[in-house]
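Going letter by letter, the sequence shown gives residues 5 to 120 in my numbering.
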Amino acid sequence: QVQLVESGGGLVQPGESLRLSCVASGFAFRSAPMNWYRQAPGKERELVAAISAGRSTNYADSVKGRFTISRDNAKNTVYLQMNSLKSEDTAVYYCKYRTTWGLEYWGQGTQVTVSS
5 QVQLVESGGG
15 LVQPGESLRL
25 SCVASGFAFR
35 SAPMNWYRQA
45 PGKERELVAA
55 ISAGRSTNYA
65 DSVKGRFTIS
75 RDNAKNTVYL
85 QMNSLKSEDT
95 AVYYCKYRTT
105 WGLEYWGQGT
115 QVTVSS
């Protein structure tokens with residue numbers, strides 16, 4: 005079955021960096037577009053970054069220039085490199101896989117806290 009397992013979250017100070025990982029299994033990862041979302045307390049879940057099978061990328065305006073999404077098909081892993089972190093980046097971060105017929109799969113999430 006489809007599984008998505010995120011890791012790499014933690015507590016950092018403003019301006020620091022983190023790299024999140026999402027290891028996928030149970031589907032043809034190399035042909036799948038993948039997404040990173042986040043949800044802050046009291047807010048709706050929002051799309052942070054997306055990467056296509058062909059490695060085209062898109063980002064939310066709030067993270068452009070600071071976050072980078074990438075993938076390693078040999079490791080079935082999608083990454084989110086987060087630099088120059090701000091307090092407003094504090095959230096639970098999730099990776100998501102959506103099948104071609106619209107079924108969505110989510111990981112369990114990893115907490116990122118940016119605080120001095």
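Glycine included, each C-beta is placed from N, C-alpha and C at the ideal position.
Q: Less than 8 Å between the CB atoms is what I'm expecting for Arg49 and Tyr97, so what's the real figure, rounded?
A: Arg49 to Tyr97, Cβ: 10 Å. No contact.
Q. Closest to Gly12 by CA distance: which of Ser25, Ser21 and Ala95 is it?
A. Ser25
Q: Within the segment 33 to 113, note down every full beta strand (DSSP E) run reaching 3 residues or more, in order along the chain.
A: 38 to 43, 50 to 55, 61 to 63, 71 to 76, 81 to 86, 95 to 102 and 108 to 110
Q) On the premise that Ser66 lies in contact with Ser91, defined as a C-beta separation below 8 Å, what is that separation, rounded to the nearest angstrom? A) In fact, because the Cβ distance is near 12 Å, the residues do not count as touching under 8 Å.
Q. Between which two residues does the beta strand (DSSP E) harbouring Gly14 extend?
A. Gly14 to Val16
Q. Opposite Val118 in the DSSP bridges: which residues?
A. Val16
Q. CA-CA distance, Ala64 and Phe33?
A. 23 Å
Q. Among residues of its own chain, excluding the 5 on either side of Thr61, which ones have a beta-carbon nearer than 6 Å to its beta-carbon?
A. Ile55 and Ile73
Q. In chain order, what residues of the same chain lie with their CB nearer than 6 Å to the CB of Phe31, ignoring the 5 residues before and after it?
A. Val6
Q. Which residue's Cα is closest to the Cα of Phe71: Gly111, Pro45, Ala28 and Leu51?
A. Leu51
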